[in-house]
Amino acid sequence: MRIRFRKISITSTLALILALAMIIGIVSNLIQPLDIKATCSVLIGCLVIWYLKPIYLKWVKGLSETAISRMLTVIFIAMMVIQLLVIHFLPASVYHDPFRVLVQAEQLSHGNLSWGDSLYFWRFPNNVSLTVLLSYWLKLTNLLQMDTYWGIHLLSLILLDLFIFAILRSVRRLSHQHGAALLAAVFFLISPFAYTYYLQVFYSDLLTLLCLAIVFNVLIGWSSFHRTKKIVAGIGLVLSVIIGEVVKPNLIVLLVAVALVGIWLLIRNRQQLKVIKTPLILIVLGFVLAVPTAAGLKSASHFKNNNQYAFPTAHWIWMSYNPQTKGKYSFSDVQTLSSIQGKQAKQAYLKKALPERLAQLGPLGIVWRWIEKASILLNVSFMPDAYSGGYIAAPKLYQKFELPLSAMGMIVMRIGFTLLYAETFFRCLRLWQRRFKSTDDPRIMLTILTALGYIAFHTLLWETESRYGQVMIPLLGILCAIPSLALESERRVRPRTKTEGWLTLGALAVAIAAFVASSPLYSPKGHYVAEQQSQLSLQFDAKKTHICPYDTLSQQVKLNHQARHFSVSLAPATEFSGTLINEQTHQHYELKRTFNALTLERTLPEGMYRIRLRNDLQRSQSVLITKTMSYRLAPYPLEIDQHKHPYWSFVYTFSR
């Protein structure tokens, strides 16, 4: 008797693995951070949307194509108006890597090709290409008489809205239904996604999102394009991959996915390979051209690697398995490697240190670390605050509502991504149910492979952050829009049954009771009233500003809300006296010295204040000042002995 094994679709197998990852994402967004009221809010939102889904789909089904187009246009315009208001009234204090990129790009745009102001780019040269490309944009905005702030935010606005437009277009074109596109548009309008990190902090993550959105838009529509459109789309595809790869090398995940899909189709289905052969070749061409492009950008900007300071690539893997962290960036690990001179010596250290860490974690610890990293990667709770300390000086009216608005925005983000992961989970299960009969659609296979590639990369190898997981948006959005994967409830819209209604009501009652009984959703303590935290960092040996004996530095700050804590940063071992002056009452508050700051703990009413520092020694001392060429760091200039410097600032915070 011969046993016959039925062939299982490879796409279905990959979909099952992705479904398991989606479970981690759903649980993570429901419970992290640990806050019962927030978790209940997310759960209530998900239950209400799930129950109302049939009603929504029935309503949308009755709308005409023209009506949907008008609604999407109005939503998009409203979103852009809010974005412009945010840029104008709510500038954010940007720090860490994006600020270092910004300062260096601004310097290059003014013709200064020196890279030695800090060790950052010698230590992490992966951001050189991004910096050079940004400098070219700033050269253009300089010609248009725009300062760096508006130049950079105009670029962020253009790229972000192009990405949102591409997502809405691909979802609408793929699904052949109005509901998905309209729901996505509403999410972008009411969530913090379009108004926080991607709008206020220019960095490589947004370019990666846009690159993937363009790539999969072209792949989806390639077979329907006429000759001229194919030429234009092909050029755009190659350029997108080139830019995406030079600014974010982990886009190589897409190349691996393309290679695997190409090999599979070559062996199993050459007919389907012919359909998408050209875009796959163009993607590979983009990766090939990215290598000389990156080298050319470095050469044009006079950047040269310095192996004395460079970190080996393996340090990211070593960092991600630090038993004391959860796989995220570890400053202590950076300090450890920084103390070792030379790249070869660092490599020799890592060769021993990495196996030791893996042995310390053990097999179970390593598996748990993978789960931890996946949960961070797929969680969106902290993504809007990435690389930003908050608003420099939010208007008085906004600060009255800032905390509840911020809390509600975070809940909307978590609800949106929980539902996206849940929808993806059920679509993956549908693929698995058809594992014995479904054909392997190369576009679906490539989408799932790319998503799994990113998850595997940041779970098994690299350090992880929630912003890295945002690449899931274009990939999962496509999976949730493909009609052949639609759930039965979408194909035949029917109202919820009585049983479903009672179960939903019961779950809502429990969630609402827990919500009412739990502690407040947010606390005002520690929230910033005014701040300026942008700096190049002493850890990268940033250039210091020397202050002559007995010279005085001062800077005005306007508080639009009462504050209880003030701090102005100083370099360690420097001796400056400090005073905070209320310019309405002329009251002087002496500042207390800590290791790296001067601080004040007391109630500070709204109004104008002046930070004043004085070098009391008979010798010059260095002070922690952030300088740019035309990027306004704070509303008021820094003054050194009556000389005003509009693009200089202390590093300071006022908090509630």
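Residues in the sequence shown are numbered consecutively from 502, following the numbering used here.
We treat Cβ as the ideally placed atom computed from N, Cα and C, and that holds for glycine.
Cβ pair residue i, residue j closer than 8 Å
i, j, result
"residue 1036", "residue 1139", "no"
"residue 540", "residue 532", "yes"
"residue 975", "residue 762", "no"
"residue 657", "residue 910", "no"
"residue 708", "residue 749", "yes"
"residue 667", "residue 715", "yes"
"residue 580", "residue 929", "no"
"residue 1069", "residue 1013", "no"
"residue 543", "residue 919", "yes"
"residue 1152", "residue 1129", "no"
"residue 1159", "residue 817", "This structure leaves residue 1159 out entirely; the chain is present only between 502 and 1157."
"residue 738", "residue 787", "yes"
"residue 594", "residue 1055", "no"
"residue 954", "residue 688", "no"
"residue 971", "residue 1050", "no"
"residue 622", "residue 751", "no"
"residue 742", "residue 796", "no"
"residue 949", "residue 515", "yes"
"residue 1098", "residue 951", "no"
"residue 850", "residue 841", "yes"
"residue 653", "residue 703", "yes"
Member of the options whose CA lies at the smallest distance from the CA of residue i
i, options, result
"residue 834", "822, 843 and 545", "822"
"residue 806", "838, 844 and 794", "844"
"residue 1005", "520, 526 and 547", "547"
"residue 655", "678, 1071, 593 and 588", "588"
"residue 556", "612, 584, 1123 and 996", "996"
"residue 999", "722, 552 and 631", "552"
"residue 1032", "1008, 1044, 1046 and 1061", "1061"
"residue 907", "849, 520, 882 and 779", "882"
"residue 569", "722, 682, 514 and 616", "682"
"residue 647", "630, 1132 and 625", "1132"
"residue 1105", "1008, 690 and 1155", "1155"
"residue 632", "1001, 705, 837 and 793", "705"
"residue 1071", "1086, 1115 and 641", "1115"
"residue 678", "941, 564, 536 and 700", "564"
"residue 745", "711, 724 and 723", "711"
"residue 1041", "735, 1137, 1147 and 839", "839"
"residue 529", "964, 1074, 922 and 961", "922"
8 Å Cβ cutoff, residue i in contact with chain D
i, result
"residue 632", "No chain D appears in the structure shown, which is made up of a single protein chain."
Bridge partner(s) assigned by DSSP for residue i
i, result
"residue 1126", "1151"
"residue 1057", "1111"
"residue 691", "Answer is none; residue 691 lacks a bridge partner."
"residue 1083", "1110"
"residue 1069", "1099 and 1153"
"residue 1093", "1100"
"residue 1077", "1116"
"residue 892", "593"
Whole-angstrom distance between residue j and residue i, CA atom to CA atom
i, j, result
"residue 915", "residue 1109", "38 Å"
"residue 1091", "residue 1021", "35 Å"
"residue 874", "residue 600", "26 Å"
"residue 1063", "residue 1157", "7 Å"
"residue 602", "residue 1149", "17 Å"
"residue 1010", "residue 1003", "10 Å"
"residue 634", "residue 567", "39 Å"
"residue 936", "residue 509", "5 Å"
"residue 661", "residue 880", "20 Å"
"residue 619", "residue 1038", "8 Å"
"residue 893", "residue 1030", "8 Å"
"residue 740", "residue 819", "33 Å"
"residue 504", "residue 562", "Reliability fails at residue 504, whose pLDDT of 49 lies under 50, so the model's placement of it is uncertain and no value is given."
"residue 1159", "residue 576", "The shown model of the chain, from 502 to 1157, leaves out residue 1159, and the question about it has no answer."
"residue 803", "residue 885", "34 Å"
"residue 872", "residue 852", "25 Å"
"residue 1117", "residue 1053", "9 Å"
"residue 984", "residue 931", "12 Å"
"residue 812", "residue 598", "15 Å"
"residue 896", "residue 590", "7 Å"
"residue 624", "residue 684", "43 Å"
beta-carbon residue i near the ligand NAP non-hydrogen atom, thresh 7 Å
i, result
"residue 869", "Annotation note on the ligand NAP: not contained in the displayed structure, which lists no ligands."
Those runs of the alpha helix (DSSP H) which lie wholly inside the stretch 971-1030 and span at least 4 residues | 973-980, 989-992 and 999-1018
Note down, one range per segment and in chain order, each beta strand (DSSP E) of at least 3 residues found wholly within the stretch 521-556.
-> none
Curious, which full-length alpha helix (DSSP H) runs of at least 4 residues does the stretch 546-617 contain?
-> 566-590 and 598-610, all fully within the stretch 546-617.
Contiguous beta strand (DSSP E) assignments of at least 3 residues, all confined to the stretch 917-969 | none
Kindly provide the ranges of any alpha helix (DSSP H) runs that are 4 or more residues long and lie completely inside the stretch 614-673, ordered along the chain.
-> You should have 621-624 and 629-644.
Of all the alpha helix (DSSP H) runs that stay within the bounds of the stretch 748-831, which reach a length of 4 or more residues?
-> 753-769, 771-801 and 815-821
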